[in-house]
Structure formats: C-alpha cells, structure tokens
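Pasting the structure below:
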C-alpha cells in the first residue's frame, strides 16, 4: 500500500512539475514576443534566433514536433508485412529504371 501511495504521489508531483515548466516556457515566449513587437514598433531591427529558440522550447515542452515533419515514436508491427512476389518484382523493375536513369546521367556528363 505504501509503495502505491508513493508512486501516486510521485506521478502527481511529476505532472505538476511538467505543467509548471510548460507555463514558465509559455510565459517566457510571450514576454519575448511582446518585447520583439515593441522593438518593431520603435523601428528597431529584430533577430529571430532567440524567438525561434523559445518557440522550439515551447513546442518541445508541449511534446510537439519543432520541424516540418512529424516524428513517429513507435512502429506498428501489424503494418510490417513481407512484400508479396508481385511487390518484389515491381521493386526490381523500379530499381532497374533508377539504375538506367543514373547511368544515362553519367554518360551525358562525360
């Protein structure tokens, strides 16, 4: 019983810390954006390096991707099937077409 209570308390504390970190990063991002907007209104130049860094921190804290692509953290084993004989044949044909294409490119460059 004691271990269950300790584990529950630890999980709650971890969630609280994670939430607090998200709020801190969000507030820092907002303050920085407000400061940059004020600088722009005054006609001062603004660099985007610190804004980008804070944006990436904020996205990371939310568990979101910072790039244009989405990162898959798991592989669905059900989708992993060996290719059928037809797919093998198509793959070989595609490989041959690609090989011929690059062979032609090399010949025309010489």
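Residue numbers (the numbering used here): 110 to 219. The beta-carbon is built from N, C-alpha and C at its ideal position, and this holds for glycine as well. This structure is a prediction, so every number in the text was calculated from the model and none was measured.
| Check | Outcome |
| --- | --- |
| N-terminal and C-terminal residue of the alpha helix (DSSP H) that residue 187 is part of | Counting along the chain, residue 187 falls outside any alpha helix (DSSP H), and DSSP gives it neither H nor E. |
| Pairwise C-alpha distance: residue 124 and residue 204 | 50 Å |
| Continuous alpha helix (DSSP H) stretch holding residue 206: start and end | 194-218 |
| Closest residue to residue 167 among 138, 118 and 201 (Cα-Cα distance) | 138 |
| Alpha carbon of residue 194 to alpha carbon of residue 213, nearest angstrom | 29 Å |
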